[in-house]
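Okay, so here's the structure we're looking at.
Protein chains: 2
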Amino acid sequence: MGTTQLESVPEPKYWHLKTVLSEALDQDFAVGEVLPNERELAARFGVARATLRQALEQLELEGRLQRRRGVGTTVAPPRVGVDVGSAQHGWPGEGADGWEPVDATETVPSAAAVRGLLGTAADQPVHTVRRTRVTQGQPVAAELLYVPAASVPGLSAIDAPAGPARARAVLRELQRLALDGQDRSVELGSARADDAKELDRLPGAPVLLVTTRYFTAAGTAAVSVATYRADTCRLTFGDTGDVQITHDARVAS
Amino acid sequence: MGTTQLESVPEPKYWHLKTVLSEALDQDFAVGEVLPNERELAARFGVARATLRQALEQLELEGRLQRRRGVGTTVAPPRVGVDVGSAQHGWPGEGADGWEPVDATETVPSAAAVRGLLGTAADQPVHTVRRTRVTQGQPVAAELLYVPAASVPGLSAIDAPAGPARARAVLRELQRLALDGQDRSVELGSARADDAKELDRLPGAPVLLVTTRYFTAAGTAAVSVATYRADTCRLTFGDTGDVQITHDARVAS
Numbered sequence: 015m016g017t018t019q020l021e022s023v024p025e026p027k028y029w030h031l032k033t034v035l036s037e038a039l040d041q042d043f044a045v046g047e048v049l050p051n052e053r054e055l056a057a058r059f060g061v062a063r064a065t066l067r068q069a070l071e072q073l074e075l076e077g078r079l080q081r082r083r084g085v086g087t088t089v090a091p092p093r094v095g096v097d098v099g100s101a102q103h104g105w106p107g108e109g110a111d112g113w114e115p116v117d118a119t120e121t122v123p124s125a126a127a128v129r130g131l132l133g134t135a136a137d138q139p140v141h142t143v144r145r146t147r148v149t150q151g152q153p154v155a156a157e158l159l160y161v162p163a164a165s166v167p168g169l170s171a172i173d174a175p176a177g178p179a180r181a182r183a184v185l186r187e188l189q190r191l192a193l194d195g196q197d198r199s200v201e202l203g204s205a206r207a208d209d210a211k212e213l214d215r216l217p218g219a220p221v222l223l224v225t226t227r228y229f230t231a232a233g234t235a236a237v238s239v240a241t242y243r244a245d246t247c248r249l250t251f252g253d254t255g256d257v258q259i260t261h262d263a264r265v266a267s
Numbered sequence: 015m016g017t018t019q020l021e022s023v024p025e026p027k028y029w030h031l032k033t034v035l036s037e038a039l040d041q042d043f044a045v046g047e048v049l050p051n052e053r054e055l056a057a058r059f060g061v062a063r064a065t066l067r068q069a070l071e072q073l074e075l076e077g078r079l080q081r082r083r084g085v086g087t088t089v090a091p092p093r094v095g096v097d098v099g100s101a102q103h104g105w106p107g108e109g110a111d112g113w114e115p116v117d118a119t120e121t122v123p124s125a126a127a128v129r130g131l132l133g134t135a136a137d138q139p140v141h142t143v144r145r146t147r148v149t150q151g152q153p154v155a156a157e158l159l160y161v162p163a164a165s166v167p168g169l170s171a172i173d174a175p176a177g178p179a180r181a182r183a184v185l186r187e188l189q190r191l192a193l194d195g196q197d198r199s200v201e202l203g204s205a206r207a208d209d210a211k212e213l214d215r216l217p218g219a220p221v222l223l224v225t226t227r228y229f230t231a232a233g234t235a236a237v238s239v240a241t242y243r244a245d246t247c248r249l250t251f252g253d254t255g256d257v258q259i260t261h262d263a264r265v266a267s
């Protein structure tokens, strides 16, 4: 009973090294500190470069290390908890939700998956609102919010033709509708080039994709696809009971 | 207005190849079909092997491709939506939640992060319940549920000393407590060797870690750390309004 079954599973060499490195990070390095280069580290731990690289990749996936071009490998600060649940039961842009409208264009979404979620045909125009979310001074997410033109018939084409003002106009029209409900999913993805740039990542970096569908009585009124940095973010979903506020103080970890 | 700003961002070569490959997967390949080998593919698309490999990695991150040792690269089926929200507002093991108890041991969690979430000291014993979740015949998640011995003082040491029966005994004692609320977070991680084996993945494969804290009036009664396959799973969070049932039929996508 004293030990768990976990120890009976043989671990690959890089995995053991990862554990050793992880402890070294806790004890010998401060957040933001640059690690010695791969050659030095491999020599220090008596492992092959390939093994070291695998271990470093693991630690990067787990958010312990950051690798940046021109800087090297640094010790990452703890991930930031970003609320994607309880605080967002209204329409996008309602209340102070940390999102900044950037732009809005009218187009036909090229992704069949988005058209499928919206239930729009391949020739139906859709307003695409671009927003970014900043937490503690860092860009943490980029969003494309798809609003079929049919959802916001009152939107004038000449009023605020572009930029943040246009984005706000779309959001304002959306907020006139009676929100019936929403659902949300989270999955692993890779950063598109434009999102990567905005989030200060390389294209293809692992990201968490949060897809939200907003429903009115008439059906799906809007779909949001938000790309969160997977290296720095922990997505939090608030307490679904009625004791939300009581426990909020404990959420920091 | 006709085009979006997105097109103005230059995309790296592998990114363009990824888009081309993605369309080819839609049109020319069936789910489960084995792709030609890297040399053939590189020749067919007129790119370097390194570029091809980057594009394949992207598609794997996005869940479009699966790479398995001894099989090669196959076209992945669409990700399975796995509910981690609305259906689980009770204690673990209450109702038919798709989880199977595997084992339970009594130990001191080695991870300081887990002790921090539980608020237990480094020498306090904790029951560790291991469960697995199977959806549509596939293992999708492995869970470690940490229950401090102090949370379940009525648990007898001699009753059901090991295995699934022991796990069920811990869950049963937990369910006697009045659940006050819970919160949940999702982040990117890498599969531990034991979880990887259970989930039919290689150690270090990207996974989605779902951490749930269960609260009673006395504080944190239990913490669950569930490891979901990131390649095959899309985590869904049910509608938070009261129209849950109405829209459930639309969740399939």
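Keeping their order, the protein sequence lines are chains A and B.
Residue numbers for the first sequence follow my numbering, so the first one is 15 and each next one is one higher.
Residue numbers for the second sequence follow my numbering, so the first one is 15 and each next one is one higher.
By construction, the Cβ of each residue, glycine as well, lies at the ideal position given by its N, Cα and C atoms.
**Request:** Can you grab the Cα-Cα spacing for the pair Ala232 of chain A / Pro153 of chain B, in whole Å?
**Result:** 37 Å
**Request:** Might you give, ordered along the chain, the residues of its own chain that have their beta carbon closer than 8 Å to the beta carbon of Met15 of chain B, omitting 5 neighbours on each side?
**Result:** Because Met15 of chain B carries a pLDDT of 37, less than 50, the predicted location of this residue cannot be relied on, and the following value inherits that uncertainty. Within the same chain, Met15 of chain B has no close Cβ partners at all.
**Asked** In chain order, what residues of the same chain lie with their CB nearer than 6 Å to the CB of Thr87 of chain B, ignoring the 5 residues before and after it?
**Response** Leu49, Leu79, Arg81
**Asked** Candidates A:Ser204, A:Gly84, A:Leu188, A:Gly107: which alpha carbon is nearest Thr230 of chain A's?
**Response** A:Leu188
**Contact list for the stretch 219-241 of chain B against chain A, Cβ threshold 8 Å** = In summary, the residues of the stretch 219-241 of chain B whose CB is separated from some CB of chain A by less than 8 Å are Pro220, Leu222, Arg227, Phe229, Thr234, in the order they occur in the chain.
**Message:** Using a Cβ distance threshold of 8 Å, determine whether the stretch 103-120 of chain A contacts the stretch 174-191 of chain A, with at least three qualifying pairs required.
**Reply:** yes
**Asked** In chain B, what lies closer than 9 Å to Ala183 of chain A by C-beta?
**Response** Within chain B, no residue comes near Ala183 of chain A; the closest Cβ sits about 13 Å away, beyond 9 Å.
**Message:** Can you tell me whether Val98 of chain B is helix, strand or coil according to DSSP?
**Reply:** coil
**Prompt:** In chain B, what lies closer than 7 Å to Gly95 of chain A by C-beta?
**Reply:** Ser199
**Span separating the alpha-carbon of Trp13 of chain B from that of Pro175 of chain B** = Within the shown structure, residues of chain B are numbered from 15 to 267, placing residue 13 of chain B beyond reach of any answer.
**Request:** Using a cut-off of 8 Å between C-beta atoms, extract the partners of Phe251 of chain A located in chain B.
**Result:** Ordered by position in chain B, the residues that pass the 8 Å Cβ test against Phe251 of chain A are Gly99, Asp197, Arg198, Ser199, Val200, Phe251.
**Request:** Flag this pair as touching only if the stretch 231-251 of chain A and the stretch 153-167 of chain A have three or more C-beta atom pairs under 8 Å; answer yes or no.
**Result:** yes
**Request:** Please determine if the stretch 65-76 of chain B and the stretch 43-57 of chain B are in contact, where contact requires at least 3 C-beta pairs separated by less than 8 Å.
**Result:** Contact annotation: the stretch 65-76 of chain B touches the stretch 43-57 of chain B, with at least three C-beta pairs closer than 8 Å.
**Asked** According to DSSP, is Pro50 of chain A helix, strand or coil?
**Response** coil
**Message:** Under 7 Å: does the beta carbon of Glu201 of chain A sit that close to some heavy atom of the ligand FAD?
**Reply:** Ligands displayed in this structure: none; no statement on the ligand FAD is therefore possible.
**Asked** Just how far apart, CA to CA, sit Gly84 of chain A and Arg215 of chain A?
**Response** 13 Å
**Request:** Identify which residue in B:Glu74, B:Val98, B:Asp97 has its Cα closest to the Cα of Pro91 of chain B.
**Result:** B:Glu74
**Message:** Measuring alpha carbon to alpha carbon, tell me which residue in A:Leu169, A:Gln196, A:Arg206 is nearest Arg190 of chain A.
**Reply:** A:Leu169
**Message:** Can you give me the C-alpha to C-alpha distance between Thr260 of chain B and Gly60 of chain B, rounded to a whole angstrom?
**Reply:** Confidence in Thr260 of chain B is poor, its pLDDT being 31 and thus under 50, which makes the residue's placement unreliable; the coordinate value appears in the next sentence. The straight-line gap separating the alpha-carbon atoms of Thr260 of chain B and Gly60 of chain B is approximately 50 Å.
**Prompt:** With distances taken between CB atoms, is the gap from Ser199 of chain B to Thr250 of chain A smaller than 8 Å?
**Reply:** yes
**Request:** Flag His261 of chain A as yes if its beta-carbon sits less than 8 Å from any beta-carbon of chain B, otherwise no.
**Result:** Residue confidence for His261 of chain A is low, a pLDDT of 32 falling below 50, so the modelled location carries little weight; the figure read from the coordinates is stated next. True, the Cβ-Cβ gap to chain B drops below 8 Å.
**Request:** Put Leu185 of chain B into one of helix, strand or coil per three-state DSSP.
**Result:** helix
**Asked** Counting only beta-carbon atoms, is Glu76 of chain B nearer than 8 Å to chain A?
**Response** Closer than 8 Å: yes.
**Asked** In terms of alpha-carbon separation, which member of B:Thr234, B:Arg147, B:Lys32, B:Ala192 lies closest to Val94 of chain B?
**Response** It is B:Arg147 whose Cα lies nearest to the Cα of Val94 of chain B.
**Prompt:** CB Ala219 of chain B to CB Ala207 of chain B, shorter than 8 Å?
**Reply:** Not a contact, by the Cβ cut-off of 8 Å.
**Request:** Could you have a look at Glu108 of chain A and say whether DSSP puts it in helix, strand or coil?
**Result:** DSSP places Glu108 of chain A in coil when its eight states are reduced to three.
**Request:** Establish whether the CB of Gln138 of chain B and some CB of chain A are separated by less than 8 Å.
**Result:** no
**Asked** Does the distance from the C-beta atom of Arg248 of chain B to that of Leu131 of chain B stay below 8 Å?
**Response** no
**Request:** Determine, using beta carbons only, whether Pro7 of chain A comes closer than 8 Å to chain B.
**Result:** Outside the shown range of chain A, which is 15 to 267, sits residue 7 of chain A, and nothing can be said about it.
**Request:** In the DSSP assignment, find the alpha helix (DSSP H) that holds Val122 of chain B and state where it starts and stops.
**Result:** Note, Val122 of chain B: premise wrong, no alpha helix (DSSP H); not H, not E.
**Leu66 of chain A versus A:Leu193, A:Pro26, A:Ala244, A:Gly46, residue with shortest Cα-Cα distance** = A:Pro26
**Item:** Ser217 of chain A versus Arg243 of chain A - alpha carbon distance
**Value:** Reading off the sequence shown, one finds Pro at residue 217 of chain A, where the question assumed Ser. Cα-Cα distance, rounded: 12 Å.
**Request:** Taking all protein chains shown into account, decide if Gln196 of chain A is buried (16 or more other Cβ within 10 angstroms of its Cβ) or exposed.
**Result:** Buried, by the Cβ-count rule.
**Item:** As assigned by DSSP and simplified to three states, the class of Gln138 of chain A
**Value:** Here DSSP, grouped into helix, strand and coil, assigns Gln138 of chain A to coil.
**Lys27 of chain A at chain B interface by Cβ criterion, 8 Å** = So, not an interface residue.
**Request:** Using three-state DSSP, classify Glu74 of chain A as helix, strand or coil.
**Result:** helix
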